[in-house]
Amino acid sequence: MEYLNATPVASIIFIFTLITSIYAFNDHQLLGKFMMHPYTVSKGRNLYTFITSGLIHADWMHLFFNMFTFYFFAFGLERMIGHWQFALIYIGSLILSDIPTVIKHKDNYSYHSLGASGAISAVLFSYILFDPTAMLGVMFIPMPAVLFGVLYLIYSWYMAKRGMDNIGHDAHFFGALTGLVFTVILVPGIIPHFWEEIQLGLQALTGGR
-19 MEYLNATPVA
-9 SIIFIFTLIT
1 SIYAFNDHQL
11 LGKFMMHPYT
21 VSKGRNLYTF
31 ITSGLIHADW
41 MHLFFNMFTF
51 YFFAFGLERM
61 IGHWQFALIY
71 IGSLILSDIP
81 TVIKHKDNYS
91 YHSLGASGAI
101 SAVLFSYILF
111 DPTAMLGVMF
121 IPMPAVLFGV
131 LYLIYSWYMA
141 KRGMDNIGHD
151 AHFFGALTGL
161 VFTVILVPGI
171 IPHFWEEIQL
181 GLQALTGGR
């Protein structure tokens, strides 16, 4: 109840995404209906899949990593940014992060996409603007959130350009950028706050020199 009272939007999204994804694992008809098909969407059909594709996942590992990241950042972000602001960032990024994928694969009939990675990237990068010096454990290597963000963008851009796997790197990259843009628009003063936190972190690292 504490989560529902303090962070109702993140709580509903978290619970609903878990239920829908797990249900779709055993219902291939629902999975196919909710999945995004850029070829079809580019023709102006099944536009609802901009939303529904973010409610399903390819497998348990895909679901775990997305919901693990969501759990650690979404609830804190909603507390900091507000309820409707969080909803706008999540839903807006869910839609906007998929547009480059639709454009890129509009002539590829066999391509499909699913998962909430674009929106979750937006949540993560919005959080980084609030707390850029938070330490994240990445592959057992601790690093400041802002450093992770830079490396994440470079990696996502590079892998999207290569196109050598079935991961939606375009959605990751553009979702992250969308999260940054939405946060800058919605939170006046977030950029000065971001730089102040960076400076404080550097001072702490150098012993105040």
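What the sequence shown shows, in the working numbering, is residues -19 to 189, in sequence order. Each residue gets a CB set at the ideal place from its N, CA and C atoms; glycine is no exception. Note that the coordinates shown come from a computational prediction; the quantities given were computed from them, not determined experimentally.
field: Buried versus exposed, by CB contacts within 10 Å (16 or more), ASN6
entry: Classification for ASN6: exposed.
field: Residue environment, VAL126, which counts as buried when at least 16 other CB atoms sit within 10 Å
entry: Looking at its Cβ environment, which holds 16 or more other Cβ atoms inside 10 Å, VAL126 is buried.
- prompt: Applying the criterion that 16 or more other CB atoms from any shown protein chain within 10 Å of the CB defines a buried residue, is VAL130 buried or exposed?
  reply: It counts as exposed.
- prompt: Straight-line CA distance for THR32 to PHE(-4)?
  reply: Taking the straight line from one Cα to the other gives about 11 angstroms.
field: ILE(-8) to LEU(-16) span [Cα, whole Å]
entry: Rounded to whole angstroms, ILE(-8) and LEU(-16) show a C-alpha spacing of 8 angstroms.
message: If I measure Cβ to Cβ from PHE44 and keep anything under 7 angstroms in the same chain, skipping five residues before and after, which residues do I get?
response: In its own chain, leaving out the 5 sequence neighbours on each side, no residue places its CB closer than 7 angstroms to the CB of PHE44.
message: Judging by CA-CA distance, which residue of TRP137, PHE174, MET15 is the nearest neighbour of ALA114?
response: Of the residues TRP137, PHE174, MET15, the one whose Cα lies closest to the Cα of ALA114 is PHE174.
Three-state class that DSSP yields for MET123 in the structure shown: The DSSP-derived three-state label of MET123 is strand.
message: Is the separation between the beta-carbon of HIS152 and that of SER106 shorter than 7 angstroms?
response: No, they are not a contact pair.
- prompt: Which partner residues does LEU10 have in the DSSP bridge list?
  reply: In DSSP, LEU10 forms no bridge with anything.
Segment contact flag, the segment 14 to 24 with the segment 77 to 96, C-beta cutoff 8 angstroms, min 3 pairs: Short answer: they touch.
query: Are there 16 or more other CB atoms within 10 angstroms of the CB of GLY104, so buried, or fewer, so exposed?
result: What sits at residue 104 in the sequence shown is Leu, not Gly. Looking at its Cβ environment, which holds 16 or more other Cβ atoms inside 10 Å, LEU104 is buried.
query: Which of the three DSSP states, helix, strand or coil, is assigned to LEU116?
result: In the structure shown, the three-state DSSP call for LEU116 is strand.
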